[in-house]
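Novice: Got a structure here, written out as structure tokens. Questions coming.
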Amino acid sequence: MMPRFDTQTGTDTALAARYLQQGHCVAIPTETVYGLAAHAFDEAAVSQIFRIKERPPSNPLIVHLPSANHLEQVADSVPEMARTLLHHFAPGPLTVLLPRRENLPTTVTAGLPHVAVRIPAHPLTQELLRTSGLPLAAPSANLYTRISPTTAAHVFSQLQGRIPYILDGGPCTRGIESTIVGFEGDTVQVYRLGSISLEALQVVAPRVVLRNSGDQPVVAPGMHHLHYAPRKPLVLTNDVAAAAQELGSDIVIINFAQKKPGLAAVAQLVLSATGNLEEAARNLYAALHQADGMPATLIVAERLPDTGTGRAINDRLKRAAH
Ligand code: TXA
Ligand code: MG
């Protein structure tokens with residue numbers, strides 16, 4: 475049986491550190507989405523993450539560290555290209571796959587030879603990582619396959635009673651998950667599109683290859699087709715007006731930049747009134763949470779321009795579609 479908690483929310487990093495040291499899981503803010511953290515070397519605590527999220531143990535976790543000077547705590551070696559990317563993007567929304575250290579619990583890496591490592595930029599979590607000295611294994615703080623949380627309230631609504639503490643760092647500034655990359659020589663392989671765009675990686679790395687397009691074998695389970703999903707069915711379309719005409723008025727529309735005039739719908743949400751992709755990313759999951767809670771049977775989402783952060787947003791919307 476999982477213990478029940480009277481879940482508290484607050485900004486006390488010392489209290490969060492105490493819970494983690496005692497083997498509990500705590501929700502933490504990052505610039506991408508909230509994470510569900512445990513001490514990475516405490517195997518029982520790491521196992522709790524999987525139980526709390528109802529996530530299969532075959533899906534490995536990202537380890538969060540305060541800086542690139544701490545990589546050897548969990549990694550055996552660091553490829554030159556990984557160092558180059560971290561130099562440019564850390565702290566920030568980049569996750570690198572590195573050969574794992576042998577003493578890292580296999581529950582963290584799900585038995586894979588690599589460990590996923592990220593250096594989050596959020597000041598509260600930076601403070602927690604530095605003062606506690608603990609490497610923190612943390613997936614997104616949502617139930618398995620559900621919408622990732624970008625506020626403490628989102629975490630509370632899904633994990634209330636399952637964890638003792640939510641460290642509240644306000645709304646996440648990036649709003650979609652980190653970009654996950656692996657290395658083969660000088661080639662950077664992108665396993666999950668995310669907050670750092672392909673274009674941004676290409677400025678720093680000579681060769682960037684996308685490994686998560688449809689017909690590739692599943693390497694990172696975040697690539698599973700159904701993921702990040704609201705409970706309502708979601709239809710992704712280039713032509714909101716045509717879809718709305720076909721599907722009737724019992725819908726919530728998620729537009730990129732503008733409401734569509736003359737359409738009957740329960741509500742129309744807008745991701746960025748100025749058509750800014752970074753703002754759209756920041757608002758994406760909150761819009762999905764909101765749409766999911768509205769009195770309508772279906773969500774109709776508009777596809778975004780397939781460039782920069784738009785590509786990662788479309789990837790999430792595709793996986794939310796069912
Ligand atoms: O922005 C983020 O990355 C957030 C915040 C909390 O840091 N974390 C996050 O974790 O999105 P999660 O578990 O929801 O997604 C991480 C993805 C999973 O799909 C997992 O399969 C993949 O990373 N992954 C983790 N370790 C891996 C490994 N060793 N090899 C391949 N894929 C790995
Ligand atoms: Mg996740």
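According to our numbering, the residues represented by the sequence shown are 475 to 796, in order.
By construction, the Cβ of each residue, glycine as well, lies at the ideal position given by its N, Cα and C atoms.
Should His596 go down as buried or exposed, given a rule of 16 or more other Cβ atoms within 10 Å for buried?
Specialist: That one is buried.
Novice: Counting along the chain, where does the alpha helix (DSSP H) carrying Gln547 start and finish?
Specialist: Here Gln547 belongs to no alpha helix (DSSP H), and DSSP marks it neither H nor E.
Novice: Does the Cβ of Asp689 have 16 or more other Cβ atoms within 10 Å, making it buried, or fewer, making it exposed?
Specialist: Reliability fails at Asp689, whose pLDDT of 40 lies under 50, so the model's placement of it is uncertain and the value that follows must be treated cautiously. Exposed, since its Cβ has fewer than 16 Cβ neighbours within 10 Å.
Novice: For ligand 1, any of its heavy atoms closer than 6 angstroms to the Cβ of Arg756?
Specialist: No; taking the cut-off as 6 angstroms, the Cβ of Arg756 has no heavy atom of ligand 1 nearer than that.
Novice: Taking Ala739 as part of the beta strand (DSSP E), name the residues at either end of that continuous run.
Specialist: Where Ala739 is concerned, there is no enclosing beta strand (DSSP E), given that its DSSP letter is neither H nor E.
Novice: Using a 10 Å radius around the Cβ and a threshold of 16 neighbouring Cβ atoms, would you call Pro691 buried or exposed?
Specialist: Because Pro691 carries a pLDDT of 41, less than 50, the predicted location of this residue cannot be relied on, and the following value inherits that uncertainty. Pro691 is exposed by the Cβ-count criterion.
Novice: Helix, strand or coil for Ala795? Go by DSSP, reduced to three states.
Specialist: DSSP places Ala795 in coil when its eight states are reduced to three.
Novice: Could I get the ranges of all uninterrupted beta strand (DSSP E) runs contained in the stretch 498–568, with 3 residues as the minimum, in chain order?
Specialist: Correct list: 500–502, 509–513, 536–538.
Novice: For Ser660, which of Arg681, Ala674, Glu752, Leu675 has the nearest alpha-carbon?
Specialist: It is Asp, not Ser, that sits at residue 660 in the sequence shown. Minimum Cα distance to Asp660 is reached at Arg681.
Novice: Can you look up Glu576 in the DSSP assignment and give me helix, strand or coil?
Specialist: Correct three-state label for Glu576: coil.
Novice: Could you pull the start and end residues of the beta strand (DSSP E) that Asn750 belongs to?
Specialist: That residue, Asn750, is in no beta strand (DSSP E); it is neither H nor E in DSSP.
Novice: Please work out which residues of its chain come closer than 8 angstroms, Cβ to Cβ, to Asn549, disregarding the five sequence neighbours upstream and downstream, and give them in chain order.
Specialist: In the sequence as displayed, the identity of residue 549 is Ala instead of Asn. Here the set comprises Leu572, Pro573, Arg574, Arg575, Val589, Val591.
Novice: Going by the CB atoms, is the gap between Ala626 and Ile637 shorter than 7 angstroms?
Specialist: For Ile637 and Ala626, no; Cβs fall outside 7 angstroms.
Novice: By the three-class DSSP mapping on this structure, what secondary structure does Gly784 have?
Specialist: In the structure shown, Gly784 sits in a helix (DSSP, three-state: H, G or I).
Novice: Does the contact criterion of 3 or more C-beta pairs under 8 angstroms hold for the stretch 708–726 versus the stretch 770–781?
Specialist: A contact exists between the stretch 708–726 and the stretch 770–781.
Novice: Tell me, to the nearest whole angstrom, how far the beta carbon of Ala760 is from that of Thr624; I am working on the premise that it is less than 8 angstroms.
Specialist: Indeed they touch by this definition, with Cβ atoms about 6 angstroms apart.
Novice: Would you check whether ligand 1 has a heavy atom nearer than 6 angstroms to the C-beta of Val629?
Specialist: Incorrect: Val629 has no Cβ contact closer than 6 angstroms to ligand 1.
Novice: Distance check for Leu489 and Glu776, CA to CA, integer angstroms please.
Specialist: Cα-Cα distance, rounded: 42 angstroms.
Novice: Quick check on Glu601: does DSSP put it in helix, strand or coil?
Specialist: Helix.
Novice: Given a cut-off of 7 angstroms, decide if Pro609 and Leu510 are closer than it, judged by their beta-carbon atoms.
Specialist: No, the Cβ-Cβ distance between Leu510 and Pro609 is not below 7 angstroms.
Novice: Could you have a look at Phe657 and say whether DSSP puts it in helix, strand or coil?
Specialist: DSSP places Phe657 in strand when its eight states are reduced to three.
Novice: Just the C-alpha distance for Ile787 and Leu743, rounded to the nearest angstrom, thanks.
Specialist: About 16 angstroms.
Novice: Along the beta strand (DSSP E) that carries Gln482, what are the first and last residues, could you check?
Specialist: That run of the beta strand (DSSP E) goes 482–484.
Novice: For ligand 2, any of its heavy atoms closer than 6 angstroms to the Cβ of Ser614?
Specialist: Yes, the beta carbon of Ser614 sits closer than 6 angstroms to at least one heavy atom of ligand 2.
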